[in-house]
Amino acid sequence: DSRQVIGRKSFAAVAINCAAKAGEWIKTKVGGYASLNQKTSHHDLVTEVDKGSENLIRSLILTHFPDHAVLGEEGVEPGPAASAAALEEVKDAEYLWIIDPIDGTTNFVHGFPFFSVSIALAHRGEVILGVVYDPSKDELFIAEKGKGAYVHGRRTRVSGETGLKESLVATGFPADRDGALPLNMRQLEAVVPRVRNVRTAGSAALHLAYVAAGRLSAFWEIGLNSWDIAAGALLIQESGGVVTDLDGNPYHLGVRNIVASNGAVHDELLAVLRSAAE
Ligand code: 2AM
Ligand code: CA
Ligand code: CA
Ligand code: CA
Numbered sequence: 641d642s643r644q645v646i647g648r649k650s651f652a653a654v655a656i657n658c659a660a661k662a663g664e665w666i667k668t669k670v671g672g673y674a675s676l677n678q679k680t681s682h683h684d685l686v687t688e689v690d691k692g693s694e695n696l697i698r699s700l701i702l703t704h705f706p707d708h709a710v711l712g713e714e715g716v717e718p719g720p721a722a723s724a725a726a727l728e729e730v731k732d733a734e735y736l737w738i739i740d741p742i743d744g745t746t747n748f749v750h751g752f753p754f755f756s757v758s759i760a761l762a763h764r765g766e767v768i769l770g771v772v773y774d775p776s777k778d779e780l781f782i783a784e785k786g787k788g789a790y791v792h793g794r795r796t797r798v799s800g801e802t803g804l805k806e807s808l809v810a811t812g813f814p815a816d817r818d819g820a821l822p823l824n825m826r827q828l829e830a831v832v833p834r835v836r837n838v839r840t841a842g843s844a845a846l847h848l849a850y851v852a853a854g855r856l857s858a859f860w861e862i863g864l865n866s867w868d869i870a871a872g873a874l875l876i877q878e879s880g881g882v883v884t885d886l887d888g889n890p891y892h893l894g895v896r897n898i899v900a901s902n903g904a905v906h907d908e909l910l911a912v913l914r915s916a917a918e
């Protein structure tokens with residue numbers, strides 16, 4: 641039938657189309673405070689635009705690939721337990737799309753131009769495609785497993801710093817839950833004196849894309865979800881970088897505490913972060 645004909649479009653073409661369409665629409669709504677709601681706290685916001693973006697992406701994906709599974713942030717109850725359960729339910733699907741319809745909602749609400757649309761495709765639990773789109777700069781980062789990562793059609797490459805001393809490192813402040821915020825504060829205290837400087841710009845997916853593109857040496861954050869990380873992790877791996885959890889174990893879809901870097905500074909950063917955990 642006609643859906644099968646449409647279904648011949650490549651995964652990458654569909655992901656790019658989804659991110660671009662959603663991103664262009666989101667951009668028209670920036671700073672509008674559209675139907676603002678708190679989720680778990682005053683740090684945790686959701687707007688009608690988050691939901692509209694997710695619906696747009698979800699229906700476009702399912703038009704092309706009606707058999708695929710889709711996991712999106714706004715389709716899941718807030719909080720880590722519900723997120724983990726939702727991932728568990730779908731993670732072994734043949735094809736699973738993982739969507740963050742706006743990563744950096746707080747920035748979006750305030751009109752601070754650092755937010756993104758993140759779309760990943762996993763095949764039996766392994767990420768094979770990742771797109772992170774920054775509508776404010778009209779920058780689209782894309783990676784396909786084994787085929788490299790690109791921005792503006794040019795190959796991305798992680799940065800060349802070999803020590804933390806020369807590194808520009810980003811993090812994100814977690815929700816104050818299970819001691820995550822105090823741990824992040826201790827990590828900051830340990831990291832800041834050792835690096836060139838630290839940035840915290842408010843979109844995990846875009847921070848990861850910046851590590852892939854060599855604009856940041858490294859990034860870490862605790863308490864994230866699969867949709868914050870999946871696309872960005874592949875961007876970094878396909879750009880020559882390294883993505884692990886806080887203990888140094890390789891990235892997989894269930895990782896919530898993420899450490900990502902150009903590779904050369906990875907062990908040094910892990911050691912500093914470990915010193916803050918003690
Ligand atoms: P969001 O904008 O999609 O919610 C900023 O540090 C990062 O943390 C963003 O990627 C943001 O994603 C995410 N984030 C914001 N609130 C969060 C919460 N309560 N729990 C987990 N992640 C959150
Ligand atoms: Ca959110
Ligand atoms: Ca997010
Ligand atoms: Ca989001």
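Here the sequence shown is numbered in my numbering, starting from 641 and rising by one per residue.
Just so it is clear, CB atoms sit at the ideal spot from N, CA and C, and this is done for glycine as well.
Nearest CA to the CA of residue i: which residue from the options?
i: Asn-902; options: Arg-896, His-847 and Leu-864; result: His-847
i: Ala-762; options: Ala-725, Phe-752 and Glu-784; result: Glu-784
i: Trp-867; options: Ala-652, Lys-669, Lys-731 and Ala-660; result: Lys-731
i: Arg-797; options: Ala-904, Val-686 and Asn-677; result: Ala-904
i: Ser-776; options: Val-670, Ala-916, Leu-886 and Leu-913; result: Val-670
i: Asp-816; options: Glu-801, Met-825 and Leu-808; result: Met-825
i: Tyr-773; options: Pro-741, Asn-837 and Gly-803; result: Pro-741
i: Asp-818; options: Asn-897, Pro-706 and Asp-907; result: Asn-897
i: Leu-828; options: Glu-728, Cys-658 and Phe-813; result: Phe-813
i: Trp-665; options: Ile-697, His-683, Val-686 and Lys-679; result: Ile-697
i: Ser-879; options: Glu-714, Gly-715 and Tyr-790; result: Tyr-790
i: Asp-690; options: Glu-714, Arg-855 and Lys-679; result: Glu-714
i: Ala-900; options: Ala-873, His-892 and Ala-853; result: Ala-873
i: Asn-657; options: Phe-781, Gly-800, Ala-917 and Leu-886; result: Phe-781
i: Phe-748; options: Thr-840, Asp-907 and Leu-685; result: Leu-685
i: Ala-662; options: Lys-679, His-683, Ile-739 and Gly-842; result: Ile-739
i: Pro-706; options: Arg-836, Tyr-735 and Pro-753; result: Tyr-735
i: Phe-755; options: Gly-765, Asp-778, His-906 and Gly-854; result: Asp-778
i: Gly-894; options: Arg-795, Glu-728, His-750 and Ala-652; result: Glu-728
i: Val-832; options: Gly-800, Leu-676, Thr-884 and Ala-810; result: Ala-810
i: Val-835; options: Pro-753, Leu-913, Thr-884 and Gln-877; result: Leu-913
i: Ala-725; options: His-683, Asn-865, Asn-889 and Gly-888; result: Asn-865
Run the proximity test for residue i: is its beta-carbon closer than 7 Å to any non-hydrogen atom belonging to ligand 1?
i: Gly-812; result: yes
i: Asn-865; result: yes
Buried or exposed: where does residue i fall if 16 or more other Cβ atoms within 10 Å of its Cβ makes it buried?
i: Ala-722; result: exposed
i: Val-645; result: Residue placement at Val-645 is flagged as unreliable, the pLDDT there being 46, under the threshold of 50; a coordinate-derived value is accordingly withheld.
i: Ser-681; result: exposed
i: Asp-641; result: Per-residue confidence for Asp-641 stands at a pLDDT of 39, beneath the threshold of 50, marking its modelled position as unreliable; the derived number appears in the next sentence. Classification for Asp-641: exposed.
i: Glu-694; result: buried
i: Ser-650; result: exposed
i: Arg-643; result: Reliability of the predicted coordinates at Arg-643 is poor, the pLDDT of 44 falling under 50, and no value is obtained from them.
i: Thr-668; result: exposed
i: Ser-915; result: exposed
i: Ala-911; result: exposed
i: Lys-683; result: The amino acid occupying residue 683 in the given sequence is His; Lys does not appear at that position. Counting Cβ neighbours within 10 Å, His-683 comes out exposed, since fewer than 16 surround it.
i: Gly-842; result: buried
i: Ala-853; result: buried
i: Gly-712; result: buried
Can you tell me whether residue i sits near ligand 5, meaning its C-beta is under 7 Å from at least one heavy atom of the ligand?
i: Ala-733; result: Looking at this structure, you won't find ligand 5 anywhere; what it does contain is ligand 1, ligand 2, ligand 3 and ligand 4.
Ligand 3 and residue i: does the residue's C-beta get closer than 7 Å to at least one heavy atom of that ligand?
i: Ala-844; result: yes
Would you check if the distance between the CB atom of residue i and the CB atom of residue j is smaller than 8 Å?
i: Val-757; j: Leu-700; result: no
i: His-708; j: Trp-737; result: yes
i: Ala-844; j: Glu-861; result: yes
i: Pro-720; j: Gly-863; result: yes
i: Ala-849; j: Leu-875; result: yes
i: Thr-745; j: Thr-687; result: yes
i: Ala-870; j: Gly-786; result: no
i: Leu-886; j: Leu-808; result: no
i: Ala-659; j: Ile-759; result: yes
i: Leu-909; j: Leu-823; result: no
i: Arg-794; j: Gly-788; result: no
Kindly indicate if chain C contains any beta-carbon less than 8 Å away from that of residue i.
i: Leu-769; result: Considering every chain present, this structure includes no chain C. It has just one protein chain.
Run the proximity test for residue i: is its beta-carbon closer than 7 Å to any non-hydrogen atom belonging to ligand 4?
i: Thr-680; result: no
### Task
Identify every run of the beta strand (DSSP E) within the segment 735 to 791, keeping only runs that are complete inside it and at least 3 residues long; order them along the chain.
As far as the segment 735 to 791 is concerned, its whole beta strand (DSSP E) runs of at least 3 residues are 735 to 743, 756 to 763, 766 to 774, 779 to 784 and 788 to 791.
### Task
Mind listing, in chain order, the continuous beta strand (DSSP E) runs of no fewer than 3 residues lying wholly within the segment 785 to 837?
Listed in chain order, they are 788 to 791 and 808 to 811.
### Length at least 4, wholly inside the segment 829 to 910: the alpha helix (DSSP H) runs in chain order
With a minimum length of 4 residues, the continuous alpha helix (DSSP H) runs that stay inside the segment 829 to 910 are 844 to 852 and 866 to 877.
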